[in-house]
Structure formats: C-alpha cells, structure tokens
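For reference, the structure discussed in these notes is given below.
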Amino acid sequence: MNTILPSYVNGAWWTPDAAVAASATEVLDASTGELVTRVSTEGLDLASALEYARTTGQRSLGELTFHQRAVLLKQMALALTERKAELYELSSRTGATKQDSWVDIDGGIGVLFTYSSKGRRELPNSQVYVDGGVEQLSKDGSFLGRHIYTRLPGVAVQINAFNFPVWGSLEKFAPAFLAGVPTLVKPATPTGYLAEAFVRVLVESGLLPDGSLQLVSGSVPDLFEHLRLGDLVSFTGSASTAERLRANESVQTGGVRFTSETDSINASVLGPDAVAGTPEFDAYVKQLVAEMTSKAGQKCTAIRRAVVPAASVDGVIDAVRTRIAERMVLGDPRAEGVTMGPLASTGQRDEVLRQVRRLAAEGGEIVIGSTEAPTVRLADGTDGSSADGAFVEPVMLRFADASSPALHEVEAFGPVSSIVGYDSVDEAVRLVARGGGSLVTSVATHDPAVAVALASGIAAYNGRLLLLDRDDARTSTGHGSPLPNLVHGGPGRAGGGEELGGIRAVLHHMQRTAVQGSPEMLTALTGVWHAGSASTPYAEAGEPHPFRKSLAELRIGDQVVSGSRTVTLEDIETFAHFTGDTFYAHMDEASAAANPFFPGRVAHGYLLVSWAAGLFVDAAPGPVLANSGLENLRFVTPVSPGDSIRVELTAKQITPRETDEYGEVRWDAVLRNQDDELVASYDVLTLVAKEQAPAASAA
Ligand code: NAP
157 MNTILPSYVN GAWWTPDAAV AASATEVLDA STGELVTRVS TEGLDLASAL EYARTTGQRS
217 LGELTFHQRA VLLKQMALAL TERKAELYEL SSRTGATKQD SWVDIDGGIG VLFTYSSKGR
277 RELPNSQVYV DGGVEQLSKD GSFLGRHIYT RLPGVAVQIN AFNFPVWGSL EKFAPAFLAG
337 VPTLVKPATP TGYLAEAFVR VLVESGLLPD GSLQLVSGSV PDLFEHLRLG DLVSFTGSAS
397 TAERLRANES VQTGGVRFTS ETDSINASVL GPDAVAGTPE FDAYVKQLVA EMTSKAGQKC
457 TAIRRAVVPA ASVDGVIDAV RTRIAERMVL GDPRAEGVTM GPLASTGQRD EVLRQVRRLA
517 AEGGEIVIGS TEAPTVRLAD GTDGSSADGA FVEPVMLRFA DASSPALHEV EAFGPVSSIV
577 GYDSVDEAVR LVARGGGSLV TSVATHDPAV AVALASGIAA YNGRLLLLDR DDARTSTGHG
637 SPLPNLVHGG PGRAGGGEEL GGIRAVLHHM QRTAVQGSPE MLTALTGVWH AGSASTPYAE
697 AGEPHPFRKS LAELRIGDQV VSGSRTVTLE DIETFAHFTG DTFYAHMDEA SAAANPFFPG
757 RVAHGYLLVS WAAGLFVDAA PGPVLANSGL ENLRFVTPVS PGDSIRVELT AKQITPRETD
817 EYGEVRWDAV LRNQDDELVA SYDVLTLVAK EQAPAASAA
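For the sequence shown, the numbering used here gives the first residue as 157, with consecutive numbering after it.
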C-alpha cells in the first residue's frame, strides 16, 4: 500500500501530489510498526465534494424509492461479502484478531442486510414516510392533519472513530442511504485504510448511485465552515472532540444537525442473587473477560465498571484472573492461537497506559495485569517483547472507594476495567448513574424483582440494557454488541446520539413535518388514500371489480360499495354452533341485555367481518393472490338481529415489491348498518400480482 491513501470525491479517486508525501501522516502496522500508508488531504477541495453530494448525490438518490435503495443495500452487502478476504487481511494490520475483524467486517455487512430487509418491510415503496395516524381537525372531515418525513436536502457527514472502520462506517451509511441522503464519510486516520478498502469495493461494484458515497481520507479541520442547514453530522469519537465540534457556529446557529456517540463509562452489574456457583455468576465473568479482551477493549460499549455485591468482589477478581490466564493469548493477530491483538497504534497504547496510571493514582489498585511491556506472541510464533507493537495486557483495577470520581469518569480505551462493590440494589443504581449517561449496562440476575428494581432505576441513564441470566446466556449477543435493529447511542456522556435503531435511524436523516389540509391534498402528498378524498365505486364508473385489476391497473381510491345483508337470530346461532363461539352476548338474551354494551343478543363481530368479505369479494381466479391479514380492527356499533350491514372497500395504499412479481394492497374497509352508523373499520391486506396472468389478460 505504502503510498498516500486516496480519497473518493466528486465521482473519482483523488490523491494529493506526491510532493505532499513527506508531510503526510504515517500510519503504521499495529503489531510491527511497519509503515502501512500515509494520509493527507492537502489540496482536497472539500467544499466541492460537499456540493457534489448536495446536487448529484441528492438527485440520484431522489430518483429511487425506499425499497429500491433497500435492494441496492443488499446488493452492496453481497459485493462486500464476495471480497471480504481482502478486508480481513488488511484488518489484521490494525491489530484486529479474526474474531475482532468478524465483528467489524461481517458485522458491518450484516448492518446492510438488516437495513435492506427492514427498509422493505417497514417503509413504503415511495419517498415519503407517514408517521402516526390521521388527526381529525374538523368535524366534517374536510380538514385533516398528518405527520410526514421527507429526506434532508443536504449531505450526511459521518466522522468515525478508529476502532471499527467498516462497521462504524456502514452503521451510519445504511440508514442515510435508505433515507436518500448522500454520505461523505471521514474515517479516523489510524485505520482509514480499511475504510478506503471497503469504499473501493463498493465503487468497483458499480452499485453506488452517483454521489451517494464519498470518502475523505485524512483530516478535515475546516469541515464545519462548509456545512449548512439541511446537512447533518454523525460523529463517533471522544467526548472532548465531540464537544469541540458541537461548538461550531454551523451547529449552534446554522441548523446543522449534529449527533455524537462518544466514550461512555459503561457498567455491568452482578445481581445479589448471582453468587459464585450460579450460572449468572459464570455468565457475568465470561462476559466481563470477553469485553475486556475483544478488540483489545477498544470498544465504546466495553465494560469499564464491574459493579458487584461487596461480598463477591474477591470471587469475581479471582474468576476473571483465572479465565484470562487460561484463555487469553496476547500477540500479533497473524500468529497462530492469538486471541487478543495490540491496540490500534502506539499512540493509543501510550494514552491507555496514561489513563490506567491516572485511575491508579486516584484510588484504583491494579489487581490483574500491569502497565509493563508484556510478553507477546510474535508473527513468527515465538514469544517475546515488541517495542514497536501497541500491546497492553488486560488490566483490572479495584476501587475500595465507590465514590472516587475517576472510577466513573476516566475512560482507558483499551483492555481495562475497574471493579467496585455495592451494599444494596439502590446503591448499585446510584453507581451506574454516576457514569453520567452510558451506551449500555448489563445486569446478571435470575431474580425478576432485582432485574426490575435495577432496570427501572438505570434505564434512563442508558441507551441499551442487557438482562443476562441462565435462560439467555447462551443465545445473548452480548453486552458489547450494538445491533442494527436496536438503539445504539445513549444519553449524557454517551453523546445523546442515535446511530442505529432500525427505522428510527433512517428517520433521523429526515425532517418530520406536520401537514394540515384536505383529504384530497393529503392523499396526493402521501400516496395513501384518505377517507373523504375522491373514490371510484367500480360499478358506477363502469369499471371492472378492483379484484380484477393487477397492481399496474389498480388505482388508489378504487372502490367496492356492496349491497346489504340482514342478520337473523338463526344466522347468529348457526355461526355460534359452527365455530363454537357460544359466548352469552350472542346466545343468552337476558345476560346480553344486562351487559352495559349490548341491547340484547348481538351478532359476532367475526361473523360480520366474514360476511363483509363475502360482500366485497370477486371470487374468480385473478390478480388477487392472497389475503395476508387484517389490521386495526375495531367493532364500534353492535348489530342486532334484524339489522343489516354493508361494506365499502377502498384501495388505500399500493406497495409493489421490487424483487417479486406481486405487491401489497392495503384496503380501507368500513362496515355500516342500515342507519349509516359505523359498525366496524379495519384495513384488509392482500397480495396482488403486478401484471395480469397471460391467460387472464388474453381473456
Ligand atoms: P477522536 O480522536 O475523538 O476522533 C474521532 C474522529 O473525529 C476521527 O475521525 C477524527 O479524525 C475526527 N476529528 C477530530 N477532529 C476533527 C475536526 N476538527 N473536524 C472533523 N473531524 C475531526 O476519537 P478516536 O480516538 O478516533 O476514537 C476513540 C474514542 O471514540 C473513544 O473515546 C471511544 O469511546 C469513542 N467511541 C465511541 C463510540 C460510540 O459509538 N459511542 C464508538 C467508537 C468509539 P482524525 O483521526 O483524522 O483526527
């Protein structure tokens, strides 16, 4: 590699002049100190890259629906999977073991898969996301309110930390891409070469719409001067950098959306019931060691504070020490048998050791490991010392004084945890809260009362809680693993951000707007039919029944207005005996009349819904393939023998599937009685072919 690391801007690879090489930042192999590459942005026109995103990137993403973008995400995931061996090889240069690389690379690819599938399941196949229900703002239904989300018109700048160059980038890129907002990613310098490699795979795949992803390899000190309303910055890194960046004028007064995921002093609490010998104690120790050693502890979610019952402190320390001695092999990740690699750079090593000394000076006693240069397994398989490698052995500090500020404030971003005892569950809650806001806290207990007491006390201080016990210890994804479907981010010191969190993270790249208007206008804007806007009863319009129309032919507002059907006591009894539902409201006049809701015996709601299907259906084979469900079913007015019902069924939302020959049609179903009173309302979901089958169209 050994040259200057390229950036990818304005639709092309860009490298600084060779003359810059001497002043460029050198990036070294974490284990050996060999030069990997140099990084510099000298001469890069950042302003034009940002403008390219706002123009070309916005335009090309704007031509796609949520589902089309989601399909591209899956194809990108497959393209990366095909070439992941290249990424693994580079990843080992950052100090990552195979397992660490799996979290970073396969974890990152997994985020793309997850967003692809969530995007297609949970977003409409259009460009506007409708949030919540209709608000009736006038009695006659002519004035409605609705909330919509539309994409931000600018660029999503993603500034990442060095620890997960692939996952950290993709977890932000996926939701931005799905929202339709172009990304400019700025990886951290020490591992930016791995981010460059995955961006290269994506560029070479030809899947990226123009301007949808740009990469800046190197520092961007003047970035915030070029940002404006409609742009957003998602930052991951240290709290101090976040604080500095948030202070920029473009964020403070210019309307640039800024979220940060920063360091966080996460805790893991051992419940009072989880004494030595219980499965929870074992799971707790196993997890603690995993969090200290995986990625050499360079994880924003790692456990920094082990909060355990005072009587269990010694037992936990002994068990952690034993497990580390038995299972941990520190060394060059390319050597056989190594389970923990070096930190990302010698700079990081020195910084971590400095923070360990600070913890020790402020009340922590080192009870496992040391700050001395460790013996490590070298690339050739021999054991020795490595002055040029960024190695630190796992360190645990014991704090006798639980109120020591350093315990709750100092982050040593490496294989370092502190342990502290507590006397009561209330005290454990207070200790967790002292972290000032965390990404995650885990609790090991098999006692639901303890779990509830702890969780209700600490949830507000955490973005995520993991409740660990014997039932989920084997299947748990672990304290340190953020998942794309769950919120990743936390309050206070953790940055207050929301990087992941399923569709929430997509919406973070969009603006929520309340729209007030007539049903007609809201139908036009959202693509979803609103009651009160134009509808086309098929018989009156001389059109085919809507069930005879393919997705290509069906229009929002196409409607069936049925004839009516009268309910008799005999119908009710037949249905009751046929189904076994002989509930008294249908069968016992006196008891039904005594019920506050019924005038006497009434028809089963399910009878009415079944009849409604009989009233609106067109029975012959055709483009409607299946009824896939009902949603939002409400029974409003009871129906007595002698009453009659009719149904109006209106095509409400049409969602073609990108990768199937069919799509979903959501129908608005409304049942009324002979006095025009509302009997029931619900949505009917059907799967409908995109085109007429050849035989049907020939007919
Ligand atoms: P850092 O020093 O704060 O740097 C983070 C990023 O900010 C880097 O890409 C850095 O670029 C960039 N940056 C610095 N100054 C900037 C400026 N003026 N304008 C634009 N970008 C700027 O953090 P780090 O050392 O890379 O990462 C370690 C920290 O990240 C730890 O504290 C860890 O807890 C935290 N972290 C948090 C999470 C989370 O999700 N909460 C995840 C991972 C890590 P350069 O490298 O080019 O300087």
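Ideal placement from N, C-alpha and C gives every residue a C-beta, glycine not left out.
Query	Result
Under the three-state DSSP convention, the category Ala854 falls into	For Ala854, the predicted structure reports a pLDDT of 43, less than 50, and the residue's modelled location is therefore unreliable. A value from the coordinates is still provided. Ala854 falls in the helix class under three-state DSSP.
Buried versus exposed, by CB contacts within 10 Å (16 or more), Ala543	exposed
Coarse secondary structure for Gly519, derived from DSSP in three states	coil
Pro162 Cβ short of 7 Å to the ligand NAP heavy atom set	no
Closer than 7 Å: Ser394 CB and nearest the ligand NAP heavy atom	yes
Inter-residue spacing [alpha-carbon to alpha-carbon] between Arg620 and Gly719	53 Å
His602 in three-state terms, based on DSSP	coil
Ala330 CB to nearest heavy atom of the ligand NAP below 7 Å	no
Heavy atom of the ligand NAP within 7 Å of Pro377 beta-carbon	yes
Reduced DSSP secondary structure (H/G/I, E/B, other) of Ala317	coil
Distance, Leu236 Cα to Val840 Cα	39 Å
Beta-carbon gap between Ala439 and Ala609 smaller than 8 Å	no
As assigned by DSSP and simplified to three states, the class of Val290	strand
Nonlocal neighbours in the same chain, by C-beta distance under 8 Å from Gly519, ignoring five residues either side	Phe555, Ala556, Asp557, Ser560, Ala562, Leu563
Whole-angstrom distance between Asp831 and Ser853, CA atom to CA atom	Per-residue confidence for Ser853 stands at a pLDDT of 48, beneath the threshold of 50, marking its modelled position as unreliable; no derived number is given.
Cβ neighbour criterion (16 or more within 10 Å) applied to Val792	exposed
C-alpha distance - Ala855 paired with His686, whole-angstrom precision	Per-residue confidence for Ala855 stands at a pLDDT of 41, beneath the threshold of 50, marking its modelled position as unreliable; no derived number is given.
Simplified DSSP assignment, three categories, for Arg413	strand
Own chain partners of Arg790 with C-beta closer than 8 Å, once the 5 adjacent residues on each side are dropped	Ala836, Ser837, Tyr838
Distance cut-off 7 Å: Thr397 Cβ against heavy atoms of the ligand NAP	yes
Pro343 beta carbon near the ligand NAP (any heavy atom closer than 7 Å)	yes
The segment 654-669 / the segment 307-314 touching (three or more Cβ pairs under 8 Å)	yes
Touch test, the segment 175-190 against the segment 535-553, Cβ-Cβ under 8 Å, three pairs minimum	yes
Three-state class that DSSP yields for Val512 in the structure shown	helix
Contact test: Thr502 Cβ vs the ligand NAP heavy atom, cutoff 7 Å	no
Spatial distance of Val572 from Ala661 (CA atoms)	31 Å
beta-carbon Glu417 near the ligand NAP non-hydrogen atom, thresh 7 Å	yes
Proximity below 8 Å, CB of Leu279 to CB of Gln292	no
Residues bridged to Tyr578 [DSSP beta-bridge criterion]	Pro465
Asn641 Cβ short of 7 Å to the ligand NAP heavy atom set	no
Any non-hydrogen atom of the ligand NAP closer than 7 Å to Gly324 Cβ	yes
Proximity to Ala781 [Cα-Cα], best of Leu725, His760, Val844	Reading off the sequence, residue 781 comes out as Leu, not Ala. Comparing Cα positions, the closest option is Val844.
Continuous beta strand (DSSP E) stretch holding Met484: start and end	That residue, Met484, is in no beta strand (DSSP E); it is neither H nor E in DSSP.
Residue of Arg514, Ile524, Met743, Pro489 minimising C-alpha distance to Ala475	Ile524
Local Cβ density within 10 Å of Lys295, reported as buried at 16 or more and exposed below that	exposed
Test item: CB-CB of Arg533 and Gly497 under 8 Å	no
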